[in-house]
Amino acid sequence: MAASSSPSPLLLALLPLLLLPALAAAASLPALPLSTSSRWVVGADGRRVKLACANWASHLEPVAAEGLARRGVGDIAARVAAMGFNCVRLTWPTYLATNATLSSLPFRWSLERLGMLESIAGVRVNNPALLDLPLINVFREVVSALSSKGIMVILDNQMTTPGWCCSRTDGNGFFGDKYFDPDEWLKGLSAMATMFNDTKNVVGMSLRNELRGPNQNVSLWYRYMQLGAEAVHAANPNVLVILSGLDFDITLSFLYYKKAELSFTGKLVYEQHWYGFSDGGNWEIQNQNDACGLVVDSIWVKGLFLLQQGWPLFFSEFGFDMSGTHIGDNRYLTCFLSVAAEMDLDWAIWALQGSYYIREGILAYDESYGLLSWDWCTARNPSFIKRINSLQSPFQGLNLSP
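Here the sequence shown stands for residues -26 to -1, 1 to 376, where the numbers follow mature numbering (1 follows the signal peptide of the UniProt record, and there is no 0).
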């Protein structure tokens, strides 16, 4: 795909056929550990491994994976596999790794301190073995449950303080902000990388979600992201090291001429986010094809160029209103899926969770972008699951299976 080009007319014409329902293959772990070869993520056997992931939040105030009051952790992991995803981007706050008082807090007490008696009752029914475990052990049990279903895990450092992400002024946005001490962040990355050193299905670590805010600057990005990458690799040389950009992970254009300089090779992946509400597209009022072309031109300049330069780029967040009633989101989604198909992107959809224990002060908050329903029992948008199934397997890259 040439720089500043929209999806080809042929691809757009074929997209409805390409996205017809496809049977999701049973999940199984690829040959591990993963590494990179040019723009591709590959397994230990040299075959391309496509990251087809769902984001599962575990960084909000309870500091536990969402949904454990609704469904058994094994059931949730099984649902991830049944929907055809091979990977979960599992979020965590720095304090889970650096604050011993928090990490050792029993799950029950974490919910009690927030006044969440109904959630306690739900966990008692659906995950009784987790209720009195320390929060860090609950996190590990989630990773283990995903492993049992053949699901890879990317650990994503979402915030320092537990809570909803993100705003420009939440103190978590950039190195040196009120709650973003670089030394504590490095300590947290090292601790988490060490903790999962021998955990086979933990295949990558995303160093920080959506760097942002008035203090962001390129020089500090290079300084600290390179230090973070080295810290993770020193503690766990098996995992992919995933670096996000600036402006809520929209902008990686500064990498066009100067990449991160690291002591190791074959493990570096960049990540970018693409949402219809932040991509600059006039999706509701402009011709859909024109809007798509303009947005793709912009996304290319901001990050997609990395693929042409031979670097892996992981679209670690995209998402839309799963109700299907938002015209702009529906048009954005068609554009995203066409680019994802044409370039065979690695991606992670926001989000798995159908609801939250608490979000922005609202109990049992409904996630309209969630793959699962509010009660976590069914798919929120079954037709979308059928569409995304055909983008979950690779059709470009190295040594593809016949």
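Where a beta carbon is used, it is the ideal one built from N, C-alpha and C, also for glycine.
Host alpha helix (DSSP H) of residue i (start-end)
i, result
"L109", "109 to 122"
"V192", "192 to 209"
"I94", "91 to 100"
"R361", "356 to 363"
"F59", "Counting along the chain, F59 falls outside any alpha helix (DSSP H), and DSSP gives it neither H nor E."
"V313", "301 to 317"
"S84", "81 to 86"
"G187", "Per DSSP, G187 belongs to no alpha helix (DSSP H) and is neither H nor E."
"W159", "156 to 169"
"L287", "Looking at the DSSP string, L287 is not in any alpha helix (DSSP H); the run it does join, the beta strand (DSSP E), is 287 to 292."
"L76", "74 to 77"
Residue i to residue j span [Cα, whole Å]
i, j, result
"F369", "N60", "15 Å"
"N210", "V243", "15 Å"
"residue 379", "L281", "This structure leaves residue 379 out entirely; the chain is present only between -26 and 376."
"E35", "W138", "8 Å"
"L120", "V62", "8 Å"
"R21", "N304", "34 Å"
"A165", "S297", "39 Å"
"W257", "P136", "33 Å"
"D144", "N373", "45 Å"
"L42", "R114", "14 Å"
"L268", "L25", "26 Å"
"Y230", "Q262", "29 Å"
"L345", "F294", "10 Å"
"A56", "R182", "29 Å"
"Y249", "N111", "33 Å"
"K232", "T75", "41 Å"
"V206", "I259", "45 Å"
"Y198", "F292", "26 Å"
"L196", "S342", "In the sequence as displayed, the identity of residue 196 is Tyr instead of Leu. Taking the straight line from one Cα to the other gives about 35 Å."
"G255", "F279", "19 Å"
"V99", "Y339", "20 Å"
"C266", "W348", "31 Å"
"V127", "G328", "19 Å"
"A5", "R87", "43 Å"
Whole-Å CB distance - residue i paired with residue j, under 8 Å assumed
i, j, result
"A28", "I359", "A28 to I359, Cβ: 11 Å. No contact."
"S272", "D253", "7 Å"
"D223", "H247", "4 Å"
"E40", "Y306", "Not a contact, Cβ separation roughly 24 Å."
Burial state of residue i (16 or more Cβ within 10 Å)
i, result
"S193", "exposed"
"S290", "buried"
"L284", "In the sequence as displayed, the identity of residue 284 is Gly instead of Leu. Classification for G284: exposed."
"E316", "buried"
"L91", "exposed"
"Y148", "Correcting the residue type first, residue 148 is Phe in the shown sequence and not Tyr. Answer is buried; the Cβ neighbour count reaches 16."
"D157", "exposed"
"G89", "exposed"
"P286", "buried"
"S357", "exposed"
"N171", "exposed"
"residue 383", "Outside the displayed span of the chain (-26 to 376) sits residue 383, for which this structure offers no information."
"T299", "exposed"
"I336", "exposed"
"T239", "exposed"
"P(-11)", "Reliability of the predicted coordinates at P(-11) is poor, the pLDDT of 44 falling under 50, and no value is obtained from them."
"P102", "exposed"
"I332", "buried"
"residue 441", "The structure shown has nothing for residue 441, since the chain only spans -26 to 376."
"S12", "exposed"
"S141", "exposed"
"I94", "buried"
"residue 390", "Because residue 390 is not part of the residues shown, which for the chain are -26 to 376, the question remains open."
Extent of the continuous beta strand (DSSP E) run through residue i
i, result
"C266", "Element bounds for C266: not the beta strand (DSSP E) but the alpha helix (DSSP H), 262 to 273."
"N29", "26 to 30"
"S9", "9 to 11"
"Q282", "Premise fails: Q282 lies in the alpha helix (DSSP H), 279 to 282, not in any beta strand (DSSP E)."
"G219", "It is not in any beta strand (DSSP E) - G219 carries neither H nor E in the DSSP assignment."
"W14", "14 to 16"
"V177", "176 to 180"
"E341", "Where E341 is concerned, there is no enclosing beta strand (DSSP E), given that its DSSP letter is neither H nor E."
"L129", "126 to 133"
Cβ pair residue i, residue j closer than 9 Å
i, j, result
"G58", "Q366", "yes"
"V215", "K241", "yes"
"L64", "V213", "no"
"T134", "P67", "yes"
"A208", "A234", "no"
"L236", "S180", "no"
"W14", "G277", "no"
"A51", "K123", "yes"
"R82", "W350", "no"
"R186", "L220", "yes"
"L311", "R361", "yes"
"V116", "S32", "yes"
"S77", "Y69", "yes"
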